[in-house]
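Trainee:
Chains as they are written, first to last, in our numbering: chain A, 1 to 595; chain Y, 1001 to 1283.
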């Protein structure tokens, strides 16, 4: 059978700042049969999105399609003029972008935007289009399909918006749908709903698709075959099960290995050591603080945690759960409104102004985005050298020597010293970020999503570095992430945050066994596994109330609206306390205790 | 695809831009130099009445004609550059320095300080600038220090607003949080962490602000409240030669052209320099 999409020797060139011209896609060829989904996977800069956009005959600003052919059905996309492309886009090829929130016009109701392409292409009248849209909403399992179209984009959740965008793409019954990292910006517990909706829609409509992602486990659920890209070149094209079982190319093997990070050996034993950090009864947030010490917009409530000397605590939770605020409170950047933070037996003042320079030195923060964490106008050796001067008064040759040691410790070449952050790769910047924190010789290192912005292979190297630093320097670390796999790989203990409260703490070893808080169970089940039938077999999709309101209950358990075990009258009226269970697990759930 | 057509279509434009890139800074440099050396370069004594008619036209002897006293117009414009460029430069430097420092402080300190400074300067900005200038000059008399301070005070609030908004964005970035968590002083955070990341906008604002100041100073002088006789800046030159208008004397239009050439050249110079700066920043 003739393939529906046929891309031959595609070459895309881009202008560089120097006025030159470089090839960013170097002769890529692949084809997709009707009704199949091709996955494009690769790290950032591999050209995967550029190729996907080229399928619509589109090249981003400064780029141009320099050679090769793209054929969709009978249409030669590379030979079309502007008019022809307009007829193609939205009609025969539709596009689903990574950030639905940025792709919807906030000033128009959702329905008007969903049916827009059908009206532009004159396929049906408005009433028909609306009816079709409602049908699609239903197929996508979007709650309130009849009325959700009247809402504005800010009135629906991120996961719903992503599915609404898919409905928008499917309304013209396009031959080809391009999915550009459509679930990357979502929390795992939301991602699973969206993936399920996509997979069903693709199957029911026999849609041909190109699915771009950096996440091998996600693509394994959706794609029939996978193209592995690197630096604009195809490394390997294989059917999905084959690629997972027998990756032929070395780079594919690396990707596979990085997708399931191996456990890094921990330097500490299971036994609890003397606590270094203790946070108790801590609440923090924004706005005016009332008489009880609760801020107008509380982000964290009644947090209790301890980290033993030399241990690594992983803090996990979805976006908005307050995990980054927790790090900021401990560092003093966001003063706690209530409760205490104790380091090595000494109570710390809530704000930076009240802490001594020595106390500030002992806690160091490593931020997620190395791009914004390093001052782009300051050379690397000054970035790393400043804490040396500030805390230890080092100058001249002594400081230079120490900077070189720190570069060496983080496996950076000494030559990066006089360069600016913009000249470094993402992984290198993150290493500088670590080197600066280590320069202060901290007792406690707070790592906020340090691998989230990195490609999986680079992130794996950073995890190795962290494990090595823990081993060599005996650092105590708090590792914040939304990614359970990363936390599992590096941490001794795990703490689960939900909506600003601790819902569970456990030793990392207890993760796969024992009884957990319903949210922890959901989180565990939502992490995609590297096998093609994960989406069908995981129980996670049935672990939460579908489309439940995200509204917080003021008095009860925050997970109440989504919880299947929830008992009205108990769970929504009082806050469950943490209770101990076998295996060192402590969970805050009434129902778990009752069972 | 479109690759073969684009460069050709761009070529004449690109040529125009590259000429502009050389000529415009040259005009700016010329006027800057005249601000210092105009008196010496001038072919005649700017204040000396020449052996000529009033409002003479352009001639080999008097390149830009003569004024209402029969003085050489070219010499008077070259000498006037000292006042127009000099006063504007001083006033702009004052306004921008104060605006940048206040903007940095407001973003780094935040809270009540930020609110207080912002609201106070908002109150100032709401007074029409020409009226404000007239009142201040009328109250304190039209001396050069008063003019400089008046112009600086008038343009400080706008400058503060721009710089504060740029600084607030930089101050929200993680590297500033890292510096704070280290316990660095507010001054260090302002000068070493935030300021280097707003050099482009500050320079662009400086150029724009300079143009506003030149125009306001010229307006004030035109109304007779600026630089006082016997000295004359370009605005005063236009004013004093108004009677030449019925005769079509070049003395009226030449100072106006000088004002236009300076403001346009500064604008385009800043534009191209800042544009290139931004592009390099992307790389």
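In this text, a Cβ means the ideal position worked out from N, Cα and C, and glycines have one as well.
1. Please name the residue, chosen from A:353, A:468 and A:502, that lies closest to residue 267 of chain A on a Cα-to-Cα basis.
2. According to DSSP, what are the bridge partners of residue 364 of chain A?
3. Taking 8 Å as the CB-CB limit, is residue 1013 of chain Y close to chain A?
4. Given this structure, state the Cα-to-Cα distance separating residue 237 of chain A from residue 188 of chain A, to the nearest angstrom.
5. Measuring straight from C-alpha to C-alpha, what distance separates residue 4 of chain A and residue 31 of chain A?
6. From the beta carbon of residue 340 of chain A, is the nearest beta carbon of chain Y less than 8 Å away?
7. In its own chain, which residues sit with a C-beta less than 7 Å from the C-beta of residue 1133 of chain Y, not counting the 5 before and 5 after it?
8. What span of residues does the beta strand (DSSP E) with residue 32 of chain A cover, start to end?
9. Count the other C-beta atoms from every protein chain shown that fall within 10 angstroms of the C-beta of residue 999 of chain Y, then say buried if there are 16 or more, exposed otherwise.
10. From the beta carbon of residue 1202 of chain Y, is the nearest beta carbon of chain A less than 8 Å away?
11. Can you tell me whether DSSP reads residue 239 of chain A as helix, strand or coil?
12. Is the beta carbon of residue 448 of chain A less than 8 Å from the beta carbon of residue 311 of chain A?
13. Residue 530 of chain A: buried (16+ other C-beta within 10 angstroms of its C-beta) or exposed?
14. For the segment 317-373 of chain A, which segments carrying the beta strand (DSSP E) assignment without a break, of at least 3 residues, lie completely within its bounds, in sequence order?
15. What in chain A is Cβ-close to residue 1173 of chain Y, meaning under 7 Å?
16. Excluding the five sequence neighbours on either side, which residues of its own chain have a C-beta within less than 8 Å of the C-beta of residue 446 of chain A, listed in chain order?
17. Specify, as a first and last residue, the run of the beta strand (DSSP E) that residue 412 of chain A falls within.
18. Less than 8 Å between CB atoms is the rule here; does residue 367 of chain A satisfy it with respect to chain Y?
19. Tell me the rounded alpha-carbon separation between residue 453 of chain A and residue 369 of chain A.
20. Quick one: what's residue 312 of chain A bridged to in DSSP?
21. Give me the Cβ distance between residue 227 of chain A and residue 39 of chain A, rounded to the nearest whole Å; I'm assuming they're in contact under 8 Å.
22. Taking Cβ to Cβ, would you say residue 180 of chain A is nearer than 8 Å to residue 100 of chain A?
23. Report yes if the C-beta distance between residue 113 of chain A and residue 185 of chain A is below 8 Å; otherwise report no.
24. Give me whichever residues DSSP pairs with residue 15 of chain A in a beta bridge.
25. Taking just the CA atoms, how far does residue 375 of chain A sit from residue 1253 of chain Y?
26. Is the CB-CB distance between residue 118 of chain A and residue 63 of chain A below 8 Å?
27. Tell whether a beta-carbon distance below 8 Å holds between residue 490 of chain A and residue 316 of chain A.
28. Any Cβ of chain A within less than 8 Å of the Cβ of residue 1278 of chain Y?
29. Against residue 1193 of chain Y, what residues of chain A qualify as contacts under a CB-to-CB distance less than 7 Å, listed in chain order?
30. Less than 7 Å between C-beta atoms, sequence neighbours within five positions excluded: which residues of the same chain meet that for residue 301 of chain A?
31. Can you list, in chain order, the residues of its chain whose CB lies under 7 Å from that of residue 1237 of chain Y, leaving out five sequence neighbours each side?
32. Give the single residue among A:287, A:503 and A:29 whose Cα lies nearest to the Cα of residue 1111 of chain Y.
33. Short check: CB of residue 319 of chain A to CB of residue 285 of chain A, under 8 Å?
34. Please confirm if the segment 456-475 of chain A is in contact with the segment 383-395 of chain A, defined as three or more CB-CB distances below 8 Å between the two stretches.
35. Looking at the secondary structure, which residues open and close the alpha helix (DSSP H) in which residue 1122 of chain Y lies?
36. Return helix, strand or coil for residue 451 of chain A, following the three-state DSSP convention.
Mentor: According to the structure data:
1. A:468
2. As DSSP reads the structure, residue 364 of chain A sits in a beta bridge with A:445.
3. no
4. 27 Å
5. Straight-line Cα distance between these residues: approximately 7 Å.
6. no
7. 1150, 1154, 1216 and 1220
8. Segment 21-32, the beta strand (DSSP E) holding residue 32 of chain A.
9. Residue 999 of chain Y lies beyond the residue range present for chain Y, which begins at 1001 and ends at 1283; the question has no answer from this structure.
10. no
11. strand
12. no
13. exposed
14. 338-343, 346-348 and 363-366
15. 372
16. Around residue 446 of chain A: 327, 330, 331, 363, 364, 365, 366, 477, 478 and 480.
17. Careful: residue 412 of chain A lies outside any beta strand (DSSP E) and carries neither H nor E.
18. yes
19. 7 Å
20. A:477
21. 7 Å
22. no
23. no
24. A:21
25. 50 Å
26. no
27. no
28. Because residue 1278 of chain Y sits at a pLDDT of 49, beneath the cut-off of 50, its placement in the model cannot be relied upon, and the point is left open.
29. Residues of chain A passing the Cβ test: 375.
30. By the criterion of a C-beta distance shorter than 7 Å, residue 301 of chain A is surrounded in its chain by 283, 500 and 501, once the five residues flanking it on both sides are discounted.
31. 1076, 1077, 1080 and 1255
32. A:287
33. Cβ atoms of residue 319 of chain A and residue 285 of chain A: not closer than 8 Å.
34. no
35. 1111-1125
36. coil
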